[in-house]
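Going by this note's numbering, the sequence shown opens with residue -12, and the numbers climb by one from there.
Quick notes on the structure that follows.
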Amino acid sequence: MSGGSTRWSSTEITVYLTAAGSGSGTKSWGSSVWVIVRLSHPAPATFAAPGTCAAPGRRQTIPAPGAGDRAEEGATVGSVFNHVGHCVTDVERSRRFYEEVLGFEFWREYDAPDDMTAQLLDLPAPVGLTAVYLRQGEFVLELLGYRDIETMPPPRPRVMNEIGLTHISVSVDDIDATAAKAVEYGGSVLEQTNVGAAVMIRDPDGQLLELLPMGYRASLPD
């Protein structure tokens, strides 16, 4: 784990890992673990901790790992995409934006246990983390709000040729109407990027979002 100088990054991917069989490896994980992979720091680090999922719409506290989380020695590990995490200054404001502007649906909310969460995220305890999960199809967006530590704004807006995750892209029925609604709910439109068939907007915290027409997905190969 990195030293105390590293702080929260607003861009992360969390992968849900499951034991898939046996092999010759020397390290084993539990039957299911959460792994956060940070992509935007110069020296990426990977952290792991066991966890469980709540039913849709439920508030959840993740329990500490137990002896039952161990897999057989030498088990191989498979993975599936789980969610993208987004640190925000106001969870409720961001939830309204993504639900009302982009059509996301509320899935679940939980208060994370401080000790394990602070260690996992490499932050000083207590953090007071509330996570709200929103879904659109198979895509899951996690909104991260902190009560006990200050959120750290980026030194400048991210640009498209900056290493790391750059944007989230959403297909919409009406690009102009969606862009106007984004402003209504605290976002902004990058007018200079409007090419008619697509435009870039920012959410209330400055996260870059790309609006594309519905027909774009149909034009891609299977």
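Just so you know, even glycine gets a beta-carbon here, dropped at the ideal spot from N, CA and C.
Every value quoted in this text rests on a predicted model; they were computed, and no experiment measured them.
Just to confirm the assignment, what range does the alpha helix (DSSP H) spanning residue i have?
{"i": "residue 103", "result": "101 to 108"}
{"i": "residue 202", "result": "202 to 205"}
{"i": "residue 162", "result": "162 to 171"}
{"i": "residue 146", "result": "Careful: residue 146 lies outside any alpha helix (DSSP H) and carries neither H nor E."}
According to DSSP, what are the bridge partners of residue i?
{"i": "residue 117", "result": "98 and 132"}
{"i": "residue 156", "result": "197"}
{"i": "residue 151", "result": "None; residue 151 has no bridge partner."}
{"i": "residue 126", "result": "123"}
{"i": "residue 90", "result": "Answer is none; residue 90 lacks a bridge partner."}
To the nearest angstrom, how far is the alpha carbon of residue i from that of residue j?
{"i": "residue 148", "j": "residue 126", "result": "24 angstroms"}
{"i": "residue 88", "j": "residue 124", "result": "16 angstroms"}
{"i": "residue 107", "j": "residue 139", "result": "18 angstroms"}
{"i": "residue 105", "j": "residue 111", "result": "6 angstroms"}
{"i": "residue 86", "j": "residue 109", "result": "30 angstroms"}
{"i": "residue 70", "j": "residue 122", "result": "9 angstroms"}
{"i": "residue 9", "j": "residue 91", "result": "Here residue 9 scores only 37 on pLDDT, less than 50, and its place in the model should not be relied on; the value that follows carries that caveat. Rounded to whole angstroms, residue 9 to residue 91 spans 38 angstroms at the Cα level."}
{"i": "residue 202", "j": "residue 182", "result": "16 angstroms"}
{"i": "residue 100", "j": "residue 207", "result": "42 angstroms"}
{"i": "residue 200", "j": "residue 180", "result": "15 angstroms"}
{"i": "residue 74", "j": "residue 103", "result": "18 angstroms"}
{"i": "residue 178", "j": "residue 65", "result": "43 angstroms"}
{"i": "residue 144", "j": "residue 113", "result": "28 angstroms"}
{"i": "residue 204", "j": "residue 142", "result": "34 angstroms"}
{"i": "residue 79", "j": "residue 195", "result": "19 angstroms"}
{"i": "residue 209", "j": "residue 146", "result": "30 angstroms"}
Name the two residues that bound the continuous beta strand (DSSP E) containing residue i.
{"i": "residue 188", "result": "186 to 189"}
{"i": "residue 78", "result": "First-last for residue 78: 78 to 87, but that is the alpha helix (DSSP H), not the beta strand (DSSP E)."}
{"i": "residue 176", "result": "175 to 177"}
Answer yes or no: the CB of residue i versus the heavy atoms of the ligand ADP, is any distance below 6 angstroms?
{"i": "residue 115", "result": "With respect to the ligand ADP, the structure offers nothing, as it holds no ligand at all."}
Once you ignore the five residues that flank residue i on each side, which residues in its own chain have a CB closer than 7 angstroms to its CB?
{"i": "residue 84", "result": "172, 173, 174, 190 and 191"}
{"i": "residue 76", "result": "138 and 192"}
{"i": "residue 198", "result": "157, 159, 162, 165, 166, 185, 186 and 188"}
{"i": "residue 176", "result": "166, 169, 170, 186 and 188"}
Please return the same chain residues whose Cβ sits closer than 6 angstroms to the Cβ of residue i, not counting the five positions on each side in sequence.
{"i": "residue 134", "result": "115"}
{"i": "residue 136", "result": "114"}
Checklist entry - Is the segment 149 to 165 in contact with the segment 93 to 101, if contact means three or more CB pairs nearer than 8 angstroms? => result no
Next on the checklist: I'd like to know if the segment 166 to 183 and the segment 112 to 119 are in contact, where contact means that at least 3 CB-CB pairs between them fall below 8 angstroms.
Outcome noted: no
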